[in-house]
Ligand SMILES: Nc1ncnc2c1ncn2[C@@H]1O[C@H](COP(=O)(O)OP(=O)(O)O)[C@@H](O)[C@H]1O
Ligand SMILES: [Mg+2]
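In my numbering, the protein residues as written are 22 to 419.
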């Protein structure tokens, strides 16, 4: 059978930096083809190329065996390709029904009852129980994602691209997504699925293509490979040795939290973090993990309880005082809470130092401080003048 889609010898650079190098990809009807690679490997760039958002520098695309040139997402949609974005692309003020039919209206004018009747089967298919007249902004992220999938189904998309679709879903919502993915593939749709999670790949994928640093490493049948093999393909070396538990002997207690409560969020949390130690807070989405961290960092206020840093009680912590005392916070929602998306990498890295008032704002001083840190952290491209929004990863939203 002819592949639904093929991409051959795809090359793509951004301002001289090559991000995809001779990449191959193909999608069969009814399969889930996972795309795997470390952050920055080029996964989103490849997907955007397949969806007409980026023009490849060279290479060929075919849909149903026919060569195509995709100049825009509209061209891609006309070829039966849909994309469920990492950042959802719905119109929050419009209703579920309006969003599902968006861009799909044709020439007829539908009244509300007709719209509702038209979208109902698609909503059923993705298991969305919200009323069709609910404004999309009232929905959870998972429900919004289902609206996007319903829209793809309504457009009779044959190829659905999903870029890290589970990154903000709960366990239960992930199950629901799996069910929808399986139903779609059973009906012959091909799905391109980006994920870092091996359990998802194991549960869903028929084939896996691995990218590393923009290079095409290979395509394998998921059932024929072990997780370790996939990891080695991803990182280019055997990780097994490095997965052994680190030999550390933690030092004195740095942070102590006692009976911390924020009413409505969490209760009686106590923990200690010693020098040289990594402490994990485990729990499902919604269990209160982020809330605990936010209170420790002073972003929210505790109802009761104590926080001590190096033995000293911190009364009424604020992010500014915690920062001053050497506490850093990497927020979960980095775009909204962690970075200034339109500023340069260097400026973003300097923000807290400037806030503390300890460092000058001269360009030369900034470079001197930032460059070694970028190297140490392995930030690629190693360009302090890159606008941070353009970097890959969860912060790479338009
Ligand atoms: N619009 C862009 N302009 C410049 N560089 C970009 C752009 N989009 C992505 N990149 C760069 O391309 C590389 C691959 O990014 P991406 O495809 O987002 O990786 P992944 O999705 O695998 O994490 C990164 O180094 C990123 O900084
Ligand atoms: Mg990505």
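The beta-carbon is built from N, C-alpha and C at its ideal position, and this holds for glycine as well.
Neighbour-count burial assignment, residue i, 16 or more Cβ in a 10 Å radius
i: residue 13; result: Since the first residue of the chain shown is 22 and the last is 419, residue 13 is not available in this structure.
i: residue 25; result: buried
i: residue 22; result: exposed
i: residue 186; result: buried
i: residue 176; result: buried
i: residue 322; result: exposed
i: residue 172; result: buried
i: residue 381; result: exposed
i: residue 72; result: buried
i: residue 87; result: exposed
i: residue 61; result: buried
i: residue 166; result: buried
i: residue 393; result: exposed
i: residue 198; result: buried
Residue i - partner residues in DSSP beta bridges
i: residue 15; result: The structure shown has nothing for residue 15, since the chain only spans 22 to 419.
i: residue 115; result: DSSP, once it has assigned bridges, lists no residue as partnering residue 115.
i: residue 242; result: 228
i: residue 27; result: 47 and 83
i: residue 236; result: 42 and 233
i: residue 408; result: 365
i: residue 105; result: 183
Distance, residue j Cα to residue i Cα
i: residue 135; j: residue 248; result: 49 Å
i: residue 292; j: residue 209; result: 51 Å
i: residue 413; j: residue 312; result: 26 Å
i: residue 158; j: residue 188; result: 19 Å
i: residue 398; j: residue 301; result: 21 Å
i: residue 373; j: residue 280; result: 29 Å
i: residue 15; j: residue 269; result: The structure shown has nothing for residue 15, since the chain only spans 22 to 419.
i: residue 179; j: residue 282; result: 50 Å
i: residue 228; j: residue 49; result: 10 Å
i: residue 411; j: residue 64; result: 14 Å
i: residue 112; j: residue 133; result: 17 Å
i: residue 232; j: residue 120; result: 34 Å
i: residue 347; j: residue 250; result: 40 Å
i: residue 137; j: residue 114; result: 17 Å
i: residue 294; j: residue 277; result: 6 Å
i: residue 389; j: residue 74; result: 36 Å
i: residue 402; j: residue 317; result: 33 Å
i: residue 255; j: residue 59; result: 6 Å
Heavy atom of ligand 3 within 7 Å of residue i beta-carbon
i: residue 76; result: This structure lacks ligand 3; the ligands present are ligand 1 and ligand 2.
Residue closest to residue i, alpha-carbon to alpha-carbon, out of the options
i: residue 27; options: 144, 62 and 68; result: 68
i: residue 33; options: 98, 78, 142 and 194; result: 78
i: residue 296; options: 409, 271, 370 and 200; result: 271
i: residue 190; options: 378, 218 and 178; result: 218
i: residue 378; options: 404, 137 and 342; result: 342
i: residue 221; options: 196, 236 and 232; result: 196
i: residue 76; options: 383, 154 and 92; result: 92
i: residue 101; options: 89, 40 and 112; result: 89
i: residue 170; options: 329, 145 and 388; result: 145
i: residue 325; options: 338, 96 and 331; result: 338
i: residue 45; options: 407, 401, 237 and 362; result: 237
i: residue 30; options: 230, 355, 42 and 129; result: 42
i: residue 183; options: 124, 396, 211 and 161; result: 211
i: residue 204; options: 391, 406 and 52; result: 52
i: residue 352; options: 310, 371, 36 and 160; result: 310
For this session: Tell me the start and end of each unbroken beta strand (DSSP E) in the stretch 313 to 391 that is at least 3 residues and wholly inside, in chain order.
Result: 325 to 330, all fully within the stretch 313 to 391.
Problem set entry | Inside the stretch 51 to 103 only - beta strand (DSSP E) runs reaching at least 3 residues | Whole beta strand (DSSP E) segments, 3+ residues: 53 to 57, 79 to 84 and 87 to 89.
Exercise. Which parts of the stretch 158 to 222 are runs of the alpha helix (DSSP H), unbroken and 4 residues or longer, counting only runs that do not cross its ends?
Worked result: Fully enclosed alpha helix (DSSP H) runs of 4 or longer: 162 to 175 and 192 to 207.
Exercise. If you scan the stretch 247 to 301 from start to end, which runs of the alpha helix (DSSP H) of 4 or more residues do you find wholly inside it?
Worked result: 248 to 256, all fully within the stretch 247 to 301.
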